[in-house]
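Let me begin by presenting the structure, written as structure tokens, before commenting on it.
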Amino acid sequence: ELKVEQNPLFLSMQEGKNYTIYCNYSTTSDRLYWYRQDPGKSLESLFVLLSNGAVKQEGRLMASLDTKARLSTLHITAAVHDLSATYFCAVEKLQGAQKLVFGQGTRLTINP
Amino acid sequence: DVKVTQSSRYLVKRTGEKVFLECVQDMDHENMFWYRQDPGLGLRLIYFSYDVKMKEKGDIPEGYSVSREKKERFSLILESASTNQTSMYLCASSPPVATDTQYFGPGTRLTVL
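Protein chains in written order, with our numbering: chain A, 6 to 117; chain B, 688 to 800.
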């Protein structure tokens, strides 16, 4: 059974600092998705990682995928308050089926 | 822009009532999904559909059913609502290209009293 675990679950950091959110999963998959959710809002797609070694960057966020280690990271560079949100990773359970298993989410709070 | 809409943002129902949650997407997507979101558990897949009149169980289908009579509309049905079905329900859609992401609706917060 595929299990997806994120850590940390809660992260409070100061503006200008760097940090990384980790997403570990338990069975083989080479498709991983990152989403952002603002309070009271729905999920917004951030990145789709489709192969081992994939790296994608958008602004201060960079995501990477290591399928051999079953690990994805979401790195935040020089954090700003607007990045405060809950971040979810999701792993495709069966290739091509888009059946996703989500992590618990990481609630990120960035303080001025 | 892909738009996924859900019939209600907030819904309050009583135990034993039949509840319909509706989801409509306007991008002609083949795939549609229903999730529930609970604190500390992330999102869990209830049901999904690859095409009209097709449905498959997700990870937590017990107590739910679905209907997809038209391509753009996917309904989640709680035949007899129970208090443990109090949750946020999110609908999503995606094109058949497996490399694309899922697009989510705004969610329905359902409270069962």
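Built from N, CA and C at the ideal position, the CB exists for glycine as well.
Quiz item: So, B/Thr786 versus A/Leu79, is the Cβ gap smaller than 8 Å?
Solution: The Cβ atoms of B/Thr786 and A/Leu79 lie no closer than 8 Å to each other.
Quiz item: Counting pairs of beta carbons, one from the segment 42-55 of chain A and one from the segment 708-721 of chain B, are three or more of them closer than 8 Å?
Solution: No contact exists between the segment 42-55 of chain A and the segment 708-721 of chain B.
Quiz item: Which residues, in chain order, does the segment 97-116 of chain A contribute to contact with chain B at a C-beta distance below 9 Å?
Solution: Listed by position along the chain: Glu97, Lys98, Gln100, Gly101, Ala102, Gln103, Lys104, Leu105, Val106, Phe107, Gly108, Gln109, Gly110.
Self-check item: Listed by chain order, chain B residues near A/Val53 by CB distance under 8 Å
Solution: Those are Thr786, Asp787, Thr788, listed as they occur along chain B.
Quiz item: Whole-angstrom Cβ separation of A/Leu88 and A/Leu113, contact assumed at under 8 Å?
Solution: With 8 Å as the limit, A/Leu88 and A/Leu113 qualify as a contact, their Cβ atoms being about 7 Å apart.
Quiz prompt | Contacts of B/Pro793 in chain A (Cβ-Cβ under 8 Å) | solution = Going along chain A in sequence order, the residues near B/Pro793 (Cβ under 8 Å) are Lys46, Ser47.
Quiz prompt | Range covered by the beta strand (DSSP E) that runs through B/Asn718 | solution = Per DSSP, B/Asn718 belongs to the beta strand (DSSP E) from 718-725.
Quiz item: Which value, in whole angstroms, describes the spacing of the CA atoms of A/Lys98 and B/Val706?
Solution: The C-alpha of A/Lys98 lies about 29 Å from the C-alpha of B/Val706.
Quiz item: Is the shortest distance between the beta-carbon of B/Arg781 and the beta-carbons of chain A less than 8 Å?
Solution: This sequence places Ser at residue 781 of chain B; Arg is not what is there. Yes, contact with chain A.
Practice problem: Please confirm if A/Phe93 has its CB atom under 8 Å from at least one CB of chain B. | Solution: Yes, A/Phe93 counts as interfacial toward chain B.
Quiz item: Considering only residues of the same chain and omitting the five flanking positions on each side of A/Asp71, which have a CB-CB separation below 6 Å?
Solution: Once the five neighbours on either side are set aside, A/Asp71 has no close Cβ partner at all.
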